[in-house]
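Everything below concerns the one structure shown next.
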Amino acid sequence: MAEKSEGKKKLSMIVFSGTIDKLMPVGILASGAAAAGYEVNLFFTFWGLRNITKEGIRNQPAPIDKNYESMGPAMMAKMQEMKYPMWYQLIQQAKEVGEVKVYACSTTMEFFGIKREDLAEFVDDVVGVATFLDRAEGGIVLFV
Amino acid sequence: MAEKSEGKKKLSMIVFSGTIDKLMPVGILASGAAAAGYEVNLFFTFWGLRNITKEGIRNQPAPIDKNYESMGPAMMAKMQEMKYPMWYQLIQQAKEVGEVKVYACSTTMEFFGIKREDLAEFVDDVVGVATFLDRAEGGIVLFV
Amino acid sequence: MAEKSEGKKKLSMIVFSGTIDKLMPVGILASGAAAAGYEVNLFFTFWGLRNITKEGIRNQPAPIDKNYESMGPAMMAKMQEMKYPMWYQLIQQAKEVGEVKVYACSTTMEFFGIKREDLAEFVDDVVGVATFLDRAEGGIVLFV
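Residue numbers (my numbering), protein chains in the order written: chain A, 3 to 146; chain B, 3 to 146; chain C, 3 to 146.
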């Protein structure tokens, strides 16, 4: 509604968490925002980063947050019944319809000994905090 | 201090979490922001959504985050001693003093099979991601 | 790159969490942002607040999030091997290079019975929600 005259709307997420229940909203928000014309920037860091390695993708779905373990299986079953895409499929689809960038945190890669070639195909670049903040500047920024 | 000339200040929260220790700051932030003249938008999704059903309200307080179980009882006891309102009472009070809207996430309602009539009285509307982002645009947005 | 003409860039964080894996990104983001010329505001509340007491600093590192306990020791060992500073050292260093303010949440201090003299040296002030929102207004704001 309130179209900003100074440029495109922007949604950026710092994806810190590595549980499936947090990764799903990342995919849903990225997908919904891209479809609505937002530029989307995703910065995977800490536990989030492990999920965008090739091995991380093979091991999906990631575990559910221990706080919600009792409710998790029902939700996951419903998602499968609805044939709802997984979070990384939502991101891949979002990249096809809009301007969506996926960044891996350079500091976390050092902490975990992860190399560039270990990262999934849909990762666009390896960047540090300052670069990410620069890309995120002026839009909505969430820490997930 | 730095009053924005282009309109009202705005605080929006994506309430993803369902533990009492995260719901309390949602209520406190909503209440403090509304009293300070902010427009407040709350978008309950995933584990957060279960807390704004009629049944969810009856079952308060929600469990405390497992990471802080050892400190939880002391904090809850102190809150009761102070007669500090519960998070949903803070939201209800905030709605009386300011412009506070409570939204339920349409996608999560499908995941959990929750119907509109299951939602608590203070829920204003059921919306999707794009609508929420549009309402949140231009203000502070937190993922809780 | 896109230097805002209307003033300094700003990063504010509501530090709710008290696990070491969330405190580290707070330190890294504060440090990276300060070095890049951002004004940084940190508002420690709830479980986060306990970590900026004198006793909290003595008890570092705080426990790791239970969801990531299996991966925690490897990451912590790597950080030590890299001689990576602890989160509060990153904040102290950031305060030397840039405009970094550390605030303690007044409401949480009441909940936990924490007094001003219990707080660590690098805490600048005790403030409420409305004051913090006012300081954060117009920049990136994260809930960690």
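Just so you know, even glycine gets a beta-carbon here, dropped at the ideal spot from N, CA and C. Predicted model, so just to flag it, every value in this text is computed and none were measured.
* Complete beta strand (DSSP E) runs within the segment 37-83 of chain A (minimum length 3 residues, chain order) -> 41-46
* To do: Compute the distance between the beta-carbons of A/GLY20 and A/TRP89, then report whether it is under 8 Å.
  => no
* Examine chain C for any beta-carbon lying closer than 8 Å to the beta-carbon of B/LYS10, and answer yes or no. => no
* Which one of A/MET81, A/PHE145, A/GLY115 and A/LEU121 has the shortest CA to CA distance from C/MET73? -> A/GLY115
* In angstroms with no decimal places, state the Cα-to-Cα distance between B/PHE145 and A/ASN43. => When the Cα atoms are used, B/PHE145 and A/ASN43 turn out to be separated by approximately 16 Å.
* **Partners in chain B for C/GLY34, counting only beta-carbon separations shorter than 9 Å** => Result: empty, since nearest Cβ-Cβ is about 20 Å, beyond 9 Å.
* Listing by chain order, which chain B residues have their CB less than 7 Å from the CB of C/LYS68? -> Chain-order list of chain B residues neighbouring C/LYS68: LYS68 and ASN69, by C-beta distance under 7 Å.
* If we cut at 8 Å on Cβ distances, does B/VAL17 have a partner in chain A? -> no
* **Beta-bridge partners of B/ASP2, as assigned by DSSP** => For chain B, the structure presents residues 3 to 146; residue 2 of chain B sits outside this window and is missing.
* Asked: The beta strand (DSSP E) spanning A/VAL17 covers which residue range?
  -> 12-17
* In chain order, what residues of the same chain lie with their CB nearer than 7 Å to the CB of B/ILE22, ignoring the 5 residues before and after it? -> PRO63, ALA64, PRO65 and ILE66
* Asked: Span of the alpha helix (DSSP H) holding B/VAL99?
  -> 89-99
* To do: Go ahead and pull the three-state DSSP assignment for B/ILE22.
  => helix
* Cβ-based burial, B/PRO61 [other Cβ within 10 Å; buried from 16] -> For the sequence presented, residue 61 of chain B should be read as Asn rather than Pro. Burial call: exposed.
* Between the Cα of A/ASP127 and those of A/ILE59, A/THR47, A/ALA37 and A/LYS24, spot the shortest distance and give me the residue it belongs to. => Looking at A/ILE59, A/THR47, A/ALA37 and A/LYS24, the one whose alpha-carbon comes closest to that of A/ASP127 is A/THR47.
* Any idea if B/GLU123 is buried or exposed, counting beta-carbon neighbours within 10 angstroms, 16 or more meaning buried? -> exposed
* To do: Note down, in chain order, every chain A residue with its Cβ under 7 Å from the Cβ of B/TRP89.
  => Result: empty, since nearest Cβ-Cβ is about 16 Å, beyond 7 Å.
* Limits of the beta strand (DSSP E) - the one that A/LEU144 falls within -> 142-145
* Asked: So which of B/VAL131, B/GLU57 and B/MET81 has the shortest CA-CA distance to B/TYR105?
  -> B/VAL131
* Asked: To the nearest angstrom, how far is it from the Cα of B/GLU139 to the Cα of A/ILE142?
  -> 7 Å
* To do: Have a look at A/LYS56 and C/LEU121 and give me their C-alpha separation to the nearest angstrom.
  => 44 Å
* To do: Using 10 angstroms around the beta-carbon of A/PRO75, count the other beta-carbons present and answer buried if the total reaches 16, otherwise exposed.
  => Exposed: under 16 other Cβ atoms inside 10 Å.
* Contacts of A/PHE145 in chain B (Cβ-Cβ under 9 Å) -> LEU144 and PHE145
* Please name the residue or residues paired with C/LEU121 in a DSSP beta bridge. => Beta-bridge analysis with DSSP links C/LEU121 to C/THR55.
* To do: Starting from B/PRO27, find everything on chain C with Cβ-Cβ shorter than 7 Å and list it in chain order.
  => PHE18, THR47 and PHE48
* Contacting residues, own chain, Cβ-Cβ under 6 Å from A/ARG137 (five flanking each side not counted) -> Result list for A/ARG137: ASN43, in chain order.
* Can you find a CB in chain A that lies within less than 8 Å of the CB of B/GLY58? -> no
* **8 Å Cβ cut-off: residues of chain B touching A/ALA132** => Those within 8 Å of A/ALA132 in chain B number zero; the least Cβ separation is about 22 Å.
* Shorter than 8 Å from the beta carbon of C/ALA138 to some beta carbon of chain B? -> yes
* is_contact[B/LEU135, chain C] using C-beta, thresh 8 Å -> no
* Do you know whose CA, among A/PRO27, A/LEU135, A/PHE113 and A/LYS97, lies nearest A/VAL125's CA? -> A/LYS97
* My understanding is that B/GLY13 touches C/LEU13, with C-beta atoms under 8 Å, so please give their C-beta distance in whole angstroms. => Note that residue 13 of chain B is Leu in the sequence shown, not Gly. With a Cβ gap of about 17 Å, B/LEU13 and C/LEU13 do not count as contacting.
* To do: For chain C, find out if any of its Cβ atoms is closer than 8 Å to the Cβ of A/THR109; answer yes or no.
  => yes
* Tell me whether B/GLU139 sits in a helix, a strand or coil according to DSSP, three-state version. => coil
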